[in-house]
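Novice: What follows is a single structure, and I will ask about it in a moment.
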Amino acid sequence: MKKTKLAFVDLETTGLDPSKHEIIELGCLVVRPLDDSARPKWEIVDELELKVKPTRLNQAEPEALRVNGYNDGDWLFAVSLEQAMKTLAEKIQDTTVVAQNVTFDWSFLEHAFAETKIMPRVFYHKMDLPSMVFGKLHARPELQKLSLWALSEYFGVKNQSAHTALADARTTFEIFKKLLELP
Numbered sequence: 076m077k078k079t080k081l082a083f084v085d086l087e088t089t090g091l092d093p094s095k096h097e098i099i100e101l102g103c104l105v106v107r108p109l110d111d112s113a114r115p116k117w118e119i120v121d122e123l124e125l126k127v128k129p130t131r132l133n134q135a136e137p138e139a140l141r142v143n144g145y146n147d148g149d150w151l152f153a154v155s156l157e158q159a160m161k162t163l164a165e166k167i168q169d170t171t172v173v174a175q176n177v178t179f180d181w182s183f184l185e186h187a188f189a190e191t192k193i194m195p196r197v198f199y200h201k202m203d204l205p206s207m208v209f210g211k212l213h214a215r216p217e218l219q220k221l222s223l224w225a226l227s228e229y230f231g232v233k234n235q236s237a238h239t240a241l242a243d244a245r246t247t248f249e250i251f252k253k254l255l256e257l258p
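Position in the sequence shown counted from 1, then plus 75, gives you our numbering.
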């Protein structure tokens, strides 16, 4: 398990319902431990940032589009969902997926993989950063929320481009490393 590569994944979507809304951006940072110690150093071995062409904008939640910064111009050269899922499946092969909200992100990914008939080969375990933080720091009164923003503040991690997929995946990775450094 200690030598397993981890894939830090984040998505931006057009809403909260994977059966109705779409992935419009995905980010992924693949890392591997450089040693077998209890607090290993990590090496980034791959990363991915894709804008995904939406096909059902009429079903999008306006607030989701606003928060995610969607505009037609920035998505002009976006890839199809099929191409995005194929590329992501290659990047996350033989990894354990880690996310800030793994239940949310994986539900969208699972739906997209099924829709495109692409089957990723990943370990069935998924890791959720807030669960890890809660397990380690639940008794700390100064940590009231487990959102990415709250965890960034708590751990002193700057996220220059919040609500962009790759920046949020990188932030999740940085918080993960800081969490592992705690006694």
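C-beta atoms are modelled at their ideal positions from N, C-alpha and C, and glycine is treated no differently.
Answer with buried or exposed for ILE98, where buried requires no fewer than 16 other C-beta atoms within 10 angstroms of its C-beta.
Specialist: buried
Novice: For the 8 angstroms Cβ check, are there 3 or more pairs between the region 194-201 and the region 109-118?
Specialist: no
Novice: As a quick exercise: from VAL105, SER227, LEU241, pick the residue whose alpha carbon is nearest that of GLU165.
Specialist: VAL105
Novice: Reducing DSSP to helix, strand and coil, say where ASN108 ends up.
Specialist: For the record, residue 108 in the displayed sequence is Pro; it is not Asn. The answer is strand: DSSP assigns PRO108 an E or B state.
Novice: By the DSSP assignment, the beta strand (DSSP E) with LEU123 in it spans what residues?
Specialist: 117-126
Novice: Exposed or buried, which one is TRP224 when buried takes at least 16 other CB atoms within 10 Å?
Specialist: exposed
Novice: Measuring alpha carbon to alpha carbon, tell me which residue in TYR229, GLN158, CYS103, ARG107 is nearest LYS128.
Specialist: Of all alpha-carbon atoms in TYR229, GLN158, CYS103, ARG107, the one lying nearest the alpha-carbon of LYS128 is that of GLN158.
Novice: Taking the DSSP output, what are the residues bridged to THR170?
Specialist: LYS80
Novice: Is it buried or exposed for GLU87, if we count other Cβ within 10 angstroms and need 16 for buried?
Specialist: buried
Novice: For the beta strand (DSSP E) containing MET202, list its first residue and its last residue.
Specialist: 201-203
Novice: Would you mind giving the Cβ-Cβ distance between GLN175 and ASP85, rounded to the nearest angstrom? I have them listed as a contact below 8 angstroms.
Specialist: 7 angstroms
Novice: Contact between the region 180-193 and the region 132-141 is defined here as three or more beta-carbon pairs at a separation below 8 angstroms; is this criterion met?
Specialist: Contact between the region 180-193 and the region 132-141 is absent, because fewer than three Cβ pairs lie under 8 angstroms.
Novice: Helix, strand or coil: how does DSSP classify VAL154 here?
Specialist: strand
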